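Participant: Here it is, the structure, as structure tokens.
2 protein chains.
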Amino acid sequence: MPRAGLDPAAVVAAGADLADEIGFPALTMGRLAERLGVRTPSLYKHVASQEDLNRRIAALAVGEATDAIGAAIQGRAGRDALRAAARALRDFVLAHPGRYAATLGFSLTGPDDPLAVAAARSMEPFTAVLRGYDLAPADTTHALRALRSIFHGFATIEAGGGFRWGTATDESFDWLIDLVDLGLRAQPGRPGTTSG
Amino acid sequence: MPRAGLDPAAVVAAGADLADEIGFPALTMGRLAERLGVRTPSLYKHVASQEDLNRRIAALAVGEATDAIGAAIQGRAGRDALRAAARALRDFVLAHPGRYAATLGFSLTGPDDPLAVAAARSMEPFTAVLRGYDLAPADTTHALRALRSIFHGFATIEAGGGFRWGTATDESFDWLIDLVDLGLRAQPGRPGTTSG
DNA sequence: AGCTTTTGGCTAACGTAGTAAGCCACTGCG
DNA sequence: CGCAGTGGCTTACTACGTTAGCCAAAAGCT
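As they're listed, the protein sequences go chains A and B. Quick note on this note's numbering: the first sequence kicks off at 1 and runs consecutively. Quick note on this note's numbering: the second sequence kicks off at 1 and runs consecutively.
Dropping the structure here:
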């Protein structure tokens, strides 16, 4: 029997793709093995466990999403950058629901954890976006968490099929971005000094 | 052997409590049966499946959270109401992480689905909060979705153990509420007519 | 080339979890 | 008291994750 020529990266990538196709909860070791033309136990030569596989998929997804957002905000600032970042994240989630679902519900173990590294890097584009607003330095962390919460929340609900009645989600998304933009520019203590 | 005297409501309530204690993913039919002093298959006299159990726990949780938020905004309006609603939701999530986790990741099947009914009702307190702001009627749905996204996002990330460095999450939460409040009051097209 | 080492498949087997089938005692009503 | 129905039970089956141990293919060395 010829070898399949797998390696950890190939297994993780195939797992991410399969999760996007059939949904993250439906991603089992057996199905992934079948997809790869291999018996289930063979996967354990490349990943330590399903938990390990899931974490690697999550790290891959976070990295890809970070890159997409970083590319989207190139050459933009202020509201344009906010909009571009939010759209890029949303597009990623809609295009890769399985990957995104994989990123949810992990406790970051330590600073050496690849997922923690990816998570830390994922803050960078949002930090760049916030640089376009005139925030007090002490507020940067709060604003970062706010952005994270807001876009994570919207993406999760939309991906999970919430937002029933009417479902003009594109409009709602733009409205949400405007809301955040207005809120960021209306911060007290910085009256009217709109980035100048 | 004397009967345990179970009924669906008791099973669901015990499942919700157990999920809060040990985490929703760790809630298995076996563990719940053990908690109730009963063998696993006996549970199937009260719930159709684990999926059914989970949906019922989710419906219970949504109902309880809705009640808590509704009570919290009694007699309040505007920013006070927004704050109270957000705090009530956050408190619920932190006090009942298992129940909350149960509410995530369901596709609402039909209008008869109890979970869909509960979900529809859960919008009411937020609608009431928005009445305190001077929004265009066409924007109500957008604003509702925005509130849902924002508080869902924050609660999820906090419950999942995100928000590492510094972890002054209380402050961040208040900052987020202020951001939303400012954004809602700065809506264009309604200049300065602050609810009067 | 031929020998050796490592690697990446495999089969077999086990534990856990969800679930179906079917039995039988307890509860409650006439 | 007798009887119906409910709510326990045991047994059994399936799917899945995981481990152990075997063996051939690939890769490296002389």
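Think of the CB as a built atom: it goes at the ideal place given N, C-alpha and C, for glycine as much as any other residue. The structure presented is a predicted model; accordingly, all values stated were derived computationally and were not measured.
For A/E171, go through chain B and note every residue whose CB falls closer than 8 angstroms to its CB, in chain order.
Facilitator: H142
Participant: Under a three-way DSSP split, which group does B/G196 fall into?
Facilitator: Unreliable placement is indicated for B/G196, whose pLDDT of 36 sits below 50; no coordinate value is reported for it.
Participant: Using CA atoms only, rank isn't needed, just tell me which of B/R185, B/D17, B/A159 is closest to A/F106.
Facilitator: B/A159
Participant: Could you check which residue in B/A119, B/E171, B/V12, B/A26 has the C-alpha nearest to that of B/T109?
Facilitator: B/A119
Participant: Skipping 5 residues on each side, what residues in its chain have a beta carbon closer than 8 angstroms to that of A/M29?
Facilitator: Excluding positions up to five away in sequence, the list reads T40, L43, Q50, L53.
Participant: Against A/I57, what residues of chain B qualify as contacts under a CB-to-CB distance less than 8 angstroms, listed in chain order?
Facilitator: Ordered by position in chain B, no residue passes the 8 angstroms Cβ test against A/I57, which lies about 17 angstroms from the chain.
Participant: Please list, in chain order, all residues of the same chain as B/T193 whose beta carbon is under 6 angstroms from its beta carbon, the five residues on each side excluded.
Facilitator: Confidence is the limiting factor: at B/T193 the pLDDT is only 44, short of 50, which leaves the residue's position unreliable, though a coordinate-based value still follows. Closer than 6 angstroms at the Cβ level, and outside the excluded window around B/T193, lie D134.
Participant: Are there 16 or more other CB atoms within 10 angstroms of the CB of B/P111, so buried, or fewer, so exposed?
Facilitator: exposed
Participant: Distance cutoff 9 angstroms, beta carbons only. Does A/T156 sit that close to anything in chain B?
Facilitator: yes
Participant: Any beta carbon of chain B sitting closer than 9 angstroms to that of A/S49?
Facilitator: no
Participant: Identify the contact partners of B/D91 in chain A, using a Cβ-Cβ distance below 8 angstroms as the criterion.
Facilitator: Here the premise fails: no neighbours, minimum Cβ distance about 16 angstroms.
Participant: Measure from the alpha carbon of B/G98 to the alpha carbon of each residue in B/R76, B/A65, B/G70, then state which is nearest.
Facilitator: The residue from B/R76, B/A65, B/G70 with its alpha-carbon nearest to that of B/G98 is B/A65.
Participant: Would B/L147 be called buried (16 or more neighbouring beta carbons within 10 Å of its own) or exposed?
Facilitator: buried
Participant: With distances taken from CA atoms, which of B/A71, B/L94, B/L182 is nearest B/S122?
Facilitator: Checked all of B/A71, B/L94, B/L182; the closest Cα to B/S122 is B/A71.
Participant: Restricting to Cα atoms, I'd like to know which of B/Q187, B/V11, B/L32, B/S149 is closest to B/L89.
Facilitator: B/S149
Participant: Is the beta carbon of A/A156 sitting closer than 9 angstroms to the one on B/H142?
Facilitator: First, the residue type needs correcting, since residue 156 of chain A is Thr and not Ala in the sequence shown. It is not a contact, given that the beta carbons lie outside the stated cut-off.
Participant: Distance check for A/T127 and A/R83, CA to CA, integer angstroms please.
Facilitator: 14 angstroms
Participant: Give a yes or no on whether 9 angstroms exceeds the smallest Cβ distance from B/A146 to chain A.
Facilitator: yes
Participant: What's the call for A/G59, buried or exposed, on a 16-neighbour Cβ count within 10 Å?
Facilitator: The amino acid occupying residue 59 of chain A in the given sequence is Ala; Gly does not appear at that position. Buried, by the Cβ-count rule.
Participant: Can you tell me where the alpha helix (DSSP H) with A/S42 in it begins and where it stops?
Facilitator: Per DSSP, A/S42 belongs to no alpha helix (DSSP H) and is neither H nor E.
Participant: Compute the Euclidean distance between the alpha carbons of A/P8 and A/V47, then round it to the nearest angstrom.
Facilitator: 6 angstroms
Participant: Return the first residue and the last residue of the alpha helix (DSSP H) that A/G30 is part of.
Facilitator: 29–35
Participant: Name the chain B residues that come within less than 8 angstroms of A/H152, Cβ to Cβ?
Facilitator: Within 8 angstroms Cβ-Cβ: G153, T156, I157.
Participant: Using a 10 Å radius around the Cβ and a threshold of 16 neighbouring Cβ atoms, would you call A/L144 buried or exposed?
Facilitator: Buried is the call here.
Participant: Taking the alpha carbon of A/L115 as the reference point, which residue from A/E171, A/R55, A/D174, A/G75 has its own alpha carbon closest?
Facilitator: A/R55
Participant: Leaving out five residues before and five after B/V4 in sequence, what residues of the same chain have Cβ atoms less than 7 angstroms from its Cβ?
Facilitator: A quick correction: the sequence has Ala, not Val, at residue 4 of chain B. Excluding residues within five positions, the ones whose Cβ falls inside 7 angstroms are L36, G37, V38.
Participant: Can the beta-carbon of B/D20 be found less than 9 angstroms from the beta-carbon of B/A85?
Facilitator: Between B/D20 and B/A85, the C-beta spacing is not below 9 angstroms.
Participant: Excluding the 5 residues flanking B/S195 on each side, which residues of the same chain have their C-beta closer than 6 angstroms to its C-beta?
Facilitator: In this prediction, B/S195 scores a pLDDT of 41, lower than 50, which makes its location untrustworthy; the coordinate-derived value is nonetheless stated afterwards. Within the same chain, B/S195 has close Cβ partners D134.
Participant: I'd like to know whether the C-beta of B/G183 is nearer than 9 angstroms to at least one C-beta of chain A.
Facilitator: yes
Participant: With 9 angstroms as the threshold, decide whether the Cβ of A/L104 is near any Cβ in chain B.
Facilitator: By this cut-off, A/L104 is an interface position.
Participant: Distance cutoff 9 angstroms, beta carbons only. Does B/S42 sit that close to anything in chain A?
Facilitator: no
Participant: Classify A/D178: buried if its beta carbon has 16 or more other beta carbons within 10 angstroms, exposed otherwise.
Facilitator: Per the 10 Å Cβ criterion, buried.
Participant: Between B/L130 and A/G183, what straight-line distance do the alpha-carbon atoms span, to the nearest angstrom?
Facilitator: 16 angstroms
Participant: Taking C-alpha atoms, which residue in A/T103, A/T169, A/A136 lies nearest to B/W175?
Facilitator: A/A136
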